[in-house]
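Each remark here refers to the structure printed beneath this line.
Number of protein chains: 2
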Amino acid sequence: MENSIAQVARNIVKGAPEPTLRRLPLYYRLLKQLRETGRTGVSCTLIGAELRLDATQVRKDIEMTGTVGRPKVGYDVNELICAIEKFLGWDNLTEAFLVGAGSLGEALMGYPGFSECGLSIVAAFDVDPNKCHRVIHGKHVRHISKMTGLMRRMRIRFGIITVPASEAQQAADLLIEGGVLAIWNFAPAKIQAPERVIVTNEDLYCSLAVLSQKMTRKLAESRSKGVA
Amino acid sequence: MENSIAQVARNIVKGAPEPTLRRLPLYYRLLKQLRETGRTGVSCTLIGAELRLDATQVRKDIEMTGTVGRPKVGYDVNELICAIEKFLGWDNLTEAFLVGAGSLGEALMGYPGFSECGLSIVAAFDVDPNKCHRVIHGKHVRHISKMTGLMRRMRIRFGIITVPASEAQQAADLLIEGGVLAIWNFAPAKIQAPERVIVTNEDLYCSLAVLSQKMTRKLAESRSKGVA
DNA sequence: TCGTGTGAATGACTTCACAGCC
DNA sequence: GGCTGTGAAGTCATTCACACGA
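If you read the sequences in order, they're chains A and B. Letter by letter, the first sequence follows residues 1 to 228 in the working numbering. Letter by letter, the second sequence follows residues 229 to 456 in the working numbering.
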């Protein structure tokens, strides 16, 4: 069937499925490590074993990026790294503003490796005057009132929210006013934004829920085993 | 068919599907907000509209928790909150140790609302002596060398890793030595652990990948539209 | 009439199975 | 033999459709 054609078309229109997108960075990191050890070739089997993923799945994911491998040889490490970068848009530098210079904001500003993903936090903003006029990890912290103007002037299209939940919407509103295109929200709150703005929530509670339930079940399991 | 019986059995053995687990905290937060405004009843339709999710999906998720609603009336807010808490294991307090008292660790220690999820970070540890003997958000920071012993004595079963990637495995090894049951890993590194230990990675790069690709595609889209 | 409960249908993702190549 | 490429099968999750109850 022409499923393949349909799928390629879908990839262009809809992009890769989210599970694939979430796995690609894992491959990316591993590949960079392999490159540092001097390796030039890699197989799906190896990647899968290393990351405890099914080899076929790895192959399908790689297929998404458009990379082709050679039987027996596998894929070229460098080529794969570049393909993933391009596919994820990590080859172009994106400059971002960060709202909320608390400890979480500070942590993100100091996160190494964002630059590898083409992300550069160029400045941070806060409502609290005491937090302003500092320099954290080489980035200036300014008062929030200056943000919108600077955003427009510097054509910043990416915003990161690290304020408390109660102030998340205000932060988002300012970013939207400044013409933001995408928001990465670390506050545990739902944000209202126009359709054109991409919002991704990094919600710790959601992750915790998965972990909690696994743990609860494991505890219950071991307890019932103890009884049996 | 007896699909329902099979499914209930599966819920016990395998737990709820991960997508469901990730949505439950969203309902939970909304429900708590509703309760504060004095609401006592709620419908799937309302939750769905508020969170921009399909109402049927919300209903299926709620079904997982074992809550039953009444036609026309909907669900009891309080009952639902309790059911979600119980289902996720958030009704029992879990005490946790945190490894890595950098800004990310600090941010997590100050994260409000973990206590609502039954999680309490009781102490933090670091290799750097300069970071020790401080008190952050009411929690003591001690030297890492003391951790394993304290873990056993206090029967801590939950560990949070907020050290740099290069030290993540060492941190994990110590937690495992201390008898940890579950690890929440914030370092961008894969951790080797025995089968019995639950490891959940909170990988910012994975989330960023999803966002990046959406943004890249949106940019490409608007550009091609501009051309057309 | 609106909302729950539920089985059936669709769709998305993963896994299997095998052909072709080195 | 090991590895890619690919279509088919299977599994899991979401969405639809409709019966029933207040």
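Just so it is clear, CB atoms sit at the ideal spot from N, CA and C, and this is done for glycine as well. Note that the structure is a prediction, hence the values are computed from the model and not measured.
Counting C-beta neighbours from all protein chains within 10 Å, is the total for residue 126 of chain A 16 or more, i.e. buried, or is it exposed?
Your numbering for residue 126 of chain A matches position 126 in the first sequence. Counting the other CB atoms within 10 Å of its CB gives residue 126 of chain A a total of 16 or more, which places it among the buried residues.
DSSP-derived helix/strand/coil call for residue 415 of chain B:
Here residue 415 of chain B refers to the residue found at position 187 when the second sequence is read from its first residue. When DSSP states are grouped into helix, strand and coil, residue 415 of chain B belongs to the coil group.
Chain B partners of residue 210 of chain A, CB-CB under 7 Å?
To locate residue 210 of chain A, count along the first sequence from 1; it is residue 210. Near residue 210 of chain A (Cβ distances below 7 Å), the residues of chain B are 246, 249, 250, 428.
Who are the Cβ neighbours of residue 426 of chain B in its own chain at under 6 Å, not counting the five residues just before and after it?
Position 198 of the second sequence, counting from 1, holds the residue named residue 426 of chain B. 410, listed in sequence order.
In the DSSP assignment, what are the bridge partners of residue 303 of chain B?
Here residue 303 of chain B refers to the residue found at position 75 of the second sequence. In the DSSP output, where bridge partners are listed per residue, residue 303 of chain B has B:270.
Do residue 350 of chain B and residue 359 of chain B have their CB atoms nearer than 8 Å?
Stepping through the second sequence from its first residue, residue 350 of chain B is reached at position 122. Stepping through the second sequence from its first residue, residue 359 of chain B is reached at position 131. The Cβ-Cβ distance between residue 350 of chain B and residue 359 of chain B does not fall below 8 Å.
Identify each residue in the region 150-169 of chain A for which the Cβ-Cβ distance to at least one residue of chain B is less than 9 Å, and report them in chain order.
From the region 150-169 of chain A, only 157, 158, 162, 164, 165 have a Cβ closer than 9 Å to chain B.
Inter-residue Cα distance where the pair is residue 279 of chain B and residue 42 of chain A:
Locating residue 279 of chain B in the second sequence gives position 51, counting from the first residue. Locating residue 42 of chain A in the first sequence gives position 42, counting from the first residue. About 43 Å.
Taking the alpha carbon of residue 308 of chain B as the point to measure from, which residue in B:451, B:296, B:277, B:330 has its own alpha carbon closest?
Here residue 308 of chain B refers to the residue found at position 80 of the second sequence. Scanning B:451, B:296, B:277, B:330 for the CA closest to the CA of residue 308 of chain B turns up B:296.
Determine whether the Cβ of residue 32 of chain A lies closer than 8 Å to any Cβ atom of chain B.
As a first step, residue 32 of chain A is located in the first sequence; it is residue number 32 there, counting from the start. Not an interface residue.
Please classify residue 321 of chain B: is it buried, with 16 or more other beta-carbons within 10 angstroms of its beta-carbon, or exposed?
Counted from its first residue, the second sequence places residue 321 of chain B at position 93. Result: exposed.
Can you have a look at residue 380 of chain B and say buried or exposed, based on whether 16 or more other CB atoms are within 10 angstroms of its CB?
Locating residue 380 of chain B in the second sequence gives position 152, counting from the first residue. It counts as exposed.
Can you look up residue 320 of chain B in the DSSP assignment and give me helix, strand or coil?
The count along the second sequence starts at 1 and reaches residue 320 of chain B at position 92. DSSP places residue 320 of chain B in coil when its eight states are reduced to three.
Using a C-beta to C-beta distance shorter than 9 Å, which residues of chain B count as neighbours of residue 182 of chain A?
For the purposes of this step, residue 182 of chain A is identified with residue 182 of the first sequence, where counting begins at 1. Within chain B, the residues near residue 182 of chain A are 439, 440, 442, 443, 446.
Beta carbon of residue 105 of chain A, beta carbon of residue 147 of chain A: below 8 Å?
By 1-based counting over the first sequence, the position of residue 105 of chain A is 105. By 1-based counting over the first sequence, the position of residue 147 of chain A is 147. Against a cut-off of 8 Å, the Cβ pair of residue 147 of chain A and residue 105 of chain A comes out as no contact.
In whole angstroms, what separates the C-alpha of residue 214 of chain A from that of residue 133 of chain A?
Taking the first residue of the first sequence as 1, we reach residue 214 of chain A at position 214. Taking the first residue of the first sequence as 1, we reach residue 133 of chain A at position 133. The straight-line gap from Cα to Cα measures roughly 44 Å.
Can you tell me the Cα-Cα spacing of residue 89 of chain A and residue 440 of chain B, whole angstroms?
Residue 89 of chain A sits at position 89 when you count from the first residue of the first sequence. Residue 440 of chain B sits at position 212 when you count from the first residue of the second sequence. It is roughly 6 Å from the alpha-carbon of residue 89 of chain A to the alpha-carbon of residue 440 of chain B.
Mapping the DSSP letters down to three states, classify residue 282 of chain B as helix, strand or coil.
Numbered from its first residue, the second sequence carries residue 282 of chain B at position 54. Correct three-state label for residue 282 of chain B: coil.
Could you check what DSSP says for residue 438 of chain B in three-state terms: helix, strand or coil?
Taking the first residue of the second sequence as position 1, residue 438 of chain B is located at position 210. Residue 438 of chain B sits in a helix when the DSSP states are folded into three classes.
Using the three-state DSSP reduction, which class does residue 193 of chain A fall into: helix, strand or coil?
Position 193 of the first sequence, counting from 1, holds the residue named residue 193 of chain A. In the three-state reduction of the DSSP assignment, residue 193 of chain A falls in the coil class, being assigned neither a helical nor a strand state.
Would you mind telling me which residues of chain A sit closer than 8 Å to residue 253 of chain B, beta carbon to beta carbon, in chain order?
Here residue 253 of chain B refers to the residue found at position 25 when the second sequence is read from its first residue. The answer, in chain order, is 203, 205, 206, 208, 209.
Have a look at the DSSP bridge pairing and note the partners of residue 201 of chain A.
For the purposes of this step, residue 201 of chain A is taken as the residue at position 201 of the first sequence. Bridge partners of residue 201 of chain A according to DSSP: A:185.
Residue-chain proximity (residue 291 of chain B, chain A), Cβ-Cβ < 8 Å
Position 63 of the second sequence holds residue 291 of chain B. False, the Cβ-Cβ gap to chain A never drops below 8 Å.
If you drop the 5 nearest sequence neighbours on each side, which residues of the same chain put their C-beta closer than 8 Å to that of residue 294 of chain B?
Here residue 294 of chain B is taken as the residue at index 66 of the second sequence, counted from 1. The residues 311, 315, in chain order, have a CB closer than 8 Å to that of residue 294 of chain B in the same chain once the five nearest residues on each side in sequence are set aside.
Alpha carbons only, please: which of B:415, B:288, B:289, B:300 is nearest the one belonging to residue 428 of chain B?
Mapped onto the second sequence, residue 428 of chain B falls at position 200. Per the Cα distances, B:415.
List, in chain order, every chain B residue whose beta-carbon is nearer than 9 Å to that of residue 53 of chain A.
Position 53 of the first sequence, counted from the start, is the residue given in the question as residue 53 of chain A. Here the premise fails: no neighbours, minimum Cβ distance about 11 Å.
According to a CB-to-CB cut-off of less than 9 Å, which residues of the region 89-104 of chain A neighbour chain B?
For the region 89-104 of chain A, which is checked against every Cβ of chain B, the residues closer than 9 Å are 89, 90, 92, 94, 102, 103, 104.
Among A:224, A:46, A:14, the one whose alpha carbon lies nearest that of residue 27 of chain A:
As a first step, residue 27 of chain A must be located in the first sequence, where it is residue number 27. Residue A:46 is the option with its Cα nearest to residue 27 of chain A.
Would you please verify whether the beta carbon of residue 113 of chain A is less than 8 Å from any beta carbon of chain B?
Translated into positions along the first sequence, residue 113 of chain A becomes position 113. At a cut-off of 8 Å between C-beta atoms, residue 113 of chain A counts as an interface residue with respect to chain B.
Which partner residues of residue 359 of chain B appear in the DSSP bridge assignment?
For the purposes of this step, residue 359 of chain B is taken as the residue at position 131 of the second sequence. Looking at the DSSP output, residue 359 of chain B sits in no beta bridge, so it has no partner there.
Using a Cβ-Cβ cut-off of 8 Å, state whether residue 345 of chain B counts as contacting chain A.
Counting from 1 along the second sequence, the entry for residue 345 of chain B is found at position 117. At least one chain A Cβ lies under 8 Å of residue 345 of chain B.
Given 8 Å as the limit, is there contact between the region 155-170 of chain A and the region 97-104 of chain A, that is, 3 or more CB pairs closer than that?
Under the 8 Å Cβ criterion, the region 155-170 of chain A counts as touching the region 97-104 of chain A, having at least three qualifying pairs.
Contacts that residue 243 of chain B makes with chain A (C-beta to C-beta distance below 8 Å):
The residue given as residue 243 of chain B occupies position 15 in the second sequence. Those are 213, 214, 217, listed as they occur along chain A.
Please report the residue range of the beta strand (DSSP E) in which residue 123 of chain A lies.
Taking the first residue of the first sequence as 1, we reach residue 123 of chain A at position 123. Counting along the chain, the unbroken beta strand (DSSP E) around residue 123 of chain A starts and ends at 119-126.
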